[in-house]
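Engineer:
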Amino acid sequence: MIADLAALHADALRAELLAPAGPYTALDVLERTGSTNTDLAAAAREGAPDRTVLIAEEQTAGRGRNTRSWVSPARAGIHVSVLLRPAGVPVARFGWLMMLGGVVVQRVLGGLCGVDAVLKWPNDLLVGPDRAKCCGVLAEAVGGANPAVVLGIGVNVHQRADELPVGPGGLPPTSLALQGAECLDRDRILVELLRELDFAERQWREHAGDPVLSGLVERYRQVCGTLGQRVRVELPAAGGANRFLNGVAEDVDDDGRLVVRTANGSAQPISAGDVVHLRPASQAE
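Here the sequence shown stands for residues 1 to 285, where the numbers follow full-length UniProt numbering.
1. How about Leu83 and Ala10: do their beta carbons lie closer than 7 Å?
2. Per DSSP, which residues does Pro86 bridge with? Please list them.
3. Which residue's Cα is closest to the Cα of Arg243: Arg32, Ile270 and Asp185?
4. Please confirm whether Leu194 and Leu17 have their CB atoms less than 7 Å apart.
5. Relative to the C-alpha of Leu54, which candidate in Thr25, Leu97 and Val127 has its C-alpha closest?
6. Near Ala267, what residues of its chain come up, given a Cβ to Cβ distance below 6 Å and the 5 sequence neighbours on each side ignored?
7. Take the Cβ of Gly136 as the centre, count every other Cβ of all protein chains shown within 10 Å, and call the residue buried at 16 or more, exposed below.
8. Give a yes or no on whether the C-beta atoms belonging to Val146 and Gly77 are separated by under 7 Å.
9. Beta-carbon within less than 7 Å of Asp198's beta-carbon, same chain only, minus the 5 sequence neighbours each way: which residues are those?
10. Across the segment 176-192 and the segment 219-230, are there enough close Cβ pairs to call them in contact, namely three or more that are closer than 8 Å?
11. Quick test of your reading: Pro49 and Gly209, contact by CB under 8 Å. State the CB separation rounded to the nearest angstrom.
12. For Asn246, which residues does DSSP report across the bridge?
13. From the DSSP output, in three-state form, read off Asn156 for me.
14. Between the Cα of Ala43 and the Cα atoms of Pro122, Leu119 and Gly143, which residue gives the shortest distance?
15. Quick check on the DSSP output: the alpha helix (DSSP H) that includes Gln203 runs from which residue to which?
16. Does the Cβ of Arg195 lie closer than 6 Å to at least one heavy atom of the ligand SAH?
17. Excluding the 5 residues preceding and the 5 following Gly265 in the sequence, name in chain order all residues of the same chain whose CB lies nearer than 8 Å to its CB.
18. Cβ atoms of Val127 and Gln159: under 7 Å apart, would you say?
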């Protein structure tokens, strides 16, 4: 199957996306690497400029949340990382870029590719009637005198079912091809993703990263499929023991936390944890 998949057109991507025609300052396409996020974080420490883009045809050690790793076949998916240096935004608000990235991929894949897509808090894109995972977003801060964030986006495009590993919590995986998406052109998807990301990030940056004034938190709520679901949250281990919280996901607050209403009626804000969707609250007994 790999031999039949088209390679990305690096020169065409640069012509559309690099200044002066586009909003980005540098763009490279690698044939193979361990992780575009790792590579771009290293470049950030060496002074790479704002809006540097790194894309790989194949990743052998891609990274997700909680240090999880994953591998994708060559030319089957999209693996892109963007270096952002949000001047004027407090470092404490940099974490919102992961959720901003989620809003961007939901909008582009839902619109351009015609798939039914929602976000699973905080960073997974679920598509189709089975709500299977098609995309993940990861933001990693890079400290220093000129702090940065590397925002990584991974999209399953052409993968067959046997090429997709099951995610944490038994989350079923899928690809755009398996969902019958209207667009499987990786070049076109990349251009739309990066243009939409530029627009959304500039709007957020113009408001000093404020999620309320920029409209980001409200846009996130509108496309977050976790809201209204009965959920089980595996909380970060304390003292070596796993802790779980069950309830109904009611809101994403202005700090980006998932608010879960438990059986005793208390509202618990969750800033970190693995969320499993159980079933809609409306179907609860």
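Here a beta-carbon is modelled for each residue, glycine too, at the ideal position from N, C-alpha and C.
Just so we're clear, the structure is a prediction, and the values are computed from it rather than from any experiment.
Structural biologist: Judging by the given coordinates:
1. Your numbering for residue 83 matches position 83 in the sequence shown. Your numbering for residue 10 matches position 10 in the sequence shown. Their beta carbons are not under 7 Å apart, which means Leu83 does not touch Ala10 by this criterion.
2. The sequence position of residue 86 within the sequence shown is 86, counting from 1. Answer is none; Pro86 lacks a bridge partner.
3. Residue numbering aside, residue 243 sits at position 243 when the sequence shown is read from its first letter. Answer by Cα proximity: Ile270.
4. Taking the first residue of the sequence shown as position 1, residue 194 is located at position 194. Taking the first residue of the sequence shown as position 1, residue 17 is located at position 17. In contact: Leu194 and Leu17 (Cβ atoms closer than 7 Å).
5. Taking the sequence shown and counting its residues from 1, the one referred to as residue 54 is at position 54. Closest option to Leu54, Cα to Cα, is Thr25.
6. The count along the sequence shown starts at 1 and reaches residue 267 at position 267. If we look at Ala267 and ignore the five residues flanking it on each side, its Cβ neighbours are Val259 and Arg261.
7. Position 136 of the sequence shown, counting from 1, holds the residue named residue 136. Buried.
8. In the sequence shown, counting from the first residue as 1, residue 146 sits at position 146. In the sequence shown, counting from the first residue as 1, residue 77 sits at position 77. The sequence given here has Asn at residue 146, not Val. Taking 7 Å as the Cβ cut-off, Asn146 and Gly77 do not qualify as a contacting pair.
9. Taking the sequence shown and counting its residues from 1, the one referred to as residue 198 is at position 198. For Asp198, where only same-chain residues beyond five positions count, the Cβ hits under 7 Å are Pro23.
10. no
11. Residue 49 sits at position 49 when you count from the first residue of the sequence shown. Residue 209 sits at position 209 when you count from the first residue of the sequence shown. About 19 Å; that fails the 8 Å criterion.
12. To locate residue 246, count along the sequence shown from 1; it is residue 246. DSSP, once it has assigned bridges, lists Arg232 as partnering Asn246.
13. In the sequence shown, the residue the question calls residue 156 occupies position 156. In the structure shown, Asn156 sits in a strand (DSSP, three-state: E or B).
14. Locating residue 43 in the sequence shown gives position 43, where the first residue counts as 1. Nearest option by C-alpha distance: Gly143.
15. As a working mapping, residue 203 is identified with position 203 in the sequence shown. Unbroken alpha helix (DSSP H) run through Gln203: Arg186 to Glu206.
16. Absent from the structure shown: the ligand SAH. Ligands present: none.
17. What you label residue 265 is simply residue 265 of the sequence shown in a count that begins at 1. Taken in chain order, the list of residues that qualify is empty.
18. As a first step, residue 159 is located in the sequence shown; it is residue number 159 there, counting from the start. As a first step, residue 127 is located in the sequence shown; it is residue number 127 there, counting from the start. Result no, Cβ atoms of Gln159 and Val127 do not sit closer than 7 Å.
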